[in-house]
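Peer 1:
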Amino acid sequence: MQSGARKAWVVVILISTSLVLSSCRSGAEVSPTISWTPIPDLMATSSSVNEAMQGRSPTPSICLNNAFFLEDLSIPDGTVILPGDEIDKRWSVLNSGTCDWGPGYHLVRVGDDPLDGKDELALYPARAGATAVWQVILNAPLEPGDYLSRWQARTPEGSLFGDEVFLFVSVREPTPTPRPSPSPTP
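One rule links them: number in our numbering = place in the sequence shown (from 1) + 1.
#1: How is Thr80 classed by DSSP in three states: helix, strand or coil?
#2: With DSSP as the reference, label Lys119 as helix, strand or coil.
#3: Find the nearest neighbour of Leu124 within the set Gly112, Leu143, Arg91 and Asp114, judged by alpha-carbon distance.
#4: Run the CB neighbour count on Gly98, radius 10 Å, all protein chains shown included, and call it buried at 16 or more, exposed below.
#5: Which two residues bound the contiguous beta strand (DSSP E) that contains Ala131?
#6: For the region 169-180 against the region 75-86, do three or more pairs of beta-carbon atoms, one drawn from each stretch, fall closer than 8 Å, so that the two count as touching?
#7: Looking only at C-alpha atoms, which of Gln136, Arg128 and Thr178 sits nearest to Cys100?
#8: Report the three-state DSSP secondary structure of Asp147 (helix, strand or coil).
#9: Buried or exposed: Leu161, going by 16 or more other Cβ atoms within 10 Å of its Cβ?
#10: Between Pro145, Leu71, Phe70 and His107, which lies nearest to Glu121 when the distance is taken from Cα to Cα?
#11: Rounded to the nearest angstrom, what separates Val134 and Leu71 at their Cα positions?
#12: Which of helix, strand or coil does DSSP assign to Leu74?
#13: Is the Cβ-Cβ distance between Glu174 and Ile138 less than 8 Å?
#14: With DSSP collapsed to three states, give me the class of Gly163.
#15: On the premise that Val109 lies in contact with Arg155, defined as a C-beta separation below 8 Å, what is that separation, rounded to the nearest angstrom?
#16: Compute the Euclidean distance between the alpha carbons of Gly56 and Leu65, then round it to the nearest angstrom.
#17: For Phe150, count neighbouring Cβ atoms within 10 angstroms of its own Cβ and tell me buried if that reaches 16, exposed if not.
#18: Give me the DSSP bridge partner(s) of Glu87.
#19: State the start and end residues of the unbroken beta strand (DSSP E) segment that holds Leu108.
In structure tokens form, the structure reads like this:
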């Protein structure tokens with residue numbers, strides 16, 4: 002008996018489904034129509050760009066100047082030198098800012114010291130993120146003593162920036178070298 006009831010329900014469900022599906026169909030046939038719709042040209046022309054930009058000035062990009070000392074490349078701190086000796090000091094420095102160093106950037110002496118040489122030198126160009134070598138050539142004083150020379154980078158606008166770099170030398174008179182004296186032969 003249960004099997005007969007089940008079959009009846011299956012038949013009822015099939016008939017209902019087919020009635021629902023047949024009512025969804027309309028009598029009219031639909032045929033597709035193909036038509037072409039033009040696509041607008043989205044390419045900007047130079048005249049449209051110029052028209053859009055008239056009256057607007059470009060926003061200047063603001064960058065940050067910075068210099069990070071990496072290492073002494075010559076003349077370690079405390080080096081003993083003779084009076085009047087030429088000193089070729091070099092430092093490795095990272096351009097750790099976002100500005101490229103170009104024309105107008107200088108390495109300048111900060112403070113007074115008796116080492117003879119230029120007080121300002123043009124910086125070699127260095128892109129942001131690049132390593133650069135800063136170099137100064139000075140002459141040691143004629144008087145013995147300990148001497149410190151401080152240097153820092155300067156922007157074209159005159160602002161100092163970044164780490165200071167140093168040259169520290171000890172000027173000493175030469176010590177006479179003893180000459181061997183002949184020893185008497187027996």
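Heads up, the beta-carbon is just placed ideally off N, CA and C, and yes, glycines get one too.
Peer 2: Taking the coordinates as given:
#1: To locate residue 80, count along the sequence shown from 1; it is residue 79. In the three-state scheme derived from DSSP, where H, G and I count as helix and E and B as strand, Thr80 is classed as strand.
#2: Taking the sequence shown and counting its residues from 1, the one referred to as residue 119 is at position 118. Here Lys119 sits in coil by DSSP.
#3: Looking up residue 124 in the sequence shown gives position 123. The option with the nearest alpha carbon to Leu124 is Arg91.
#4: Within the sequence shown, the letter at position 97 stands for residue 98. Gly98 comes out buried.
#5: For the purposes of this step, residue 131 is taken as the residue at position 130 of the sequence shown. Looking at the DSSP string, Ala131 is not in any beta strand (DSSP E), and its letter there is neither H nor E.
#6: By the C-beta criterion, the region 169-180 is judged to be in contact with the region 75-86, since at least 3 inter-stretch pairs fall below 8 Å.
#7: Counting from one through the sequence shown, the residue named residue 100 turns up at place 99. Nearest option by C-alpha distance: Arg128.
#8: By 1-based counting over the sequence shown, the position of residue 147 is 146. Asp147: strand per DSSP, three-state reduction.
#9: Position 160 of the sequence shown holds residue 161. Looking at its Cβ environment, which holds fewer than 16 other Cβ atoms inside 10 Å, Leu161 is exposed.
#10: Within the sequence shown, residue 121 is the residue found at index 120, counting from 1. Of the listed residues, the one whose Cα sits closest to Glu121 is His107.
#11: Residue mapping note: residue 134 aligns to position 133 of the sequence shown, counting from 1. Residue mapping note: residue 71 aligns to position 70 of the sequence shown, counting from 1. C-alpha of Val134 to C-alpha of Leu71: approximately 10 Å in a straight line.
#12: Along the sequence shown, read from residue 1 onward, the residue named residue 74 stands at position 73. Reduced to three states, the DSSP call for Leu74 is coil.
#13: Within the sequence shown, the letter at position 173 stands for residue 174. Within the sequence shown, the letter at position 137 stands for residue 138. The Cβ atoms of Glu174 and Ile138 do not sit closer than 8 Å to each other.
#14: The count along the sequence shown starts at 1 and reaches residue 163 at position 162. Under the three-state reduction of DSSP, Gly163 is assigned to strand.
#15: As a working note, residue 155 is residue 154 in the sequence shown. As a working note, residue 109 is residue 108 in the sequence shown. The Cβ separation is near 5 Å, so the contact holds.
#16: As a position in the sequence shown, residue 56 is number 55, starting the count at 1. As a position in the sequence shown, residue 65 is number 64, starting the count at 1. Only weak support exists for where Gly56 lies, its pLDDT of 49 falling under 50; the coordinates are left without a value.
#17: For the purposes of this step, residue 150 is taken as residue 149 along the sequence shown, with counting starting at 1. Here residue 150 turns out to be Ser, not Phe, going by the sequence shown. Buried, since its Cβ has 16 or more Cβ neighbours within 10 Å.
#18: The residue you call residue 87 lines up with position 86 of the sequence shown. Under DSSP, Glu87 shares a beta bridge with Asn140.
#19: Position 107 of the sequence shown, counted from the start, is the residue given in the question as residue 108. First-last of the beta strand (DSSP E) with Leu108: His107 to Val111.
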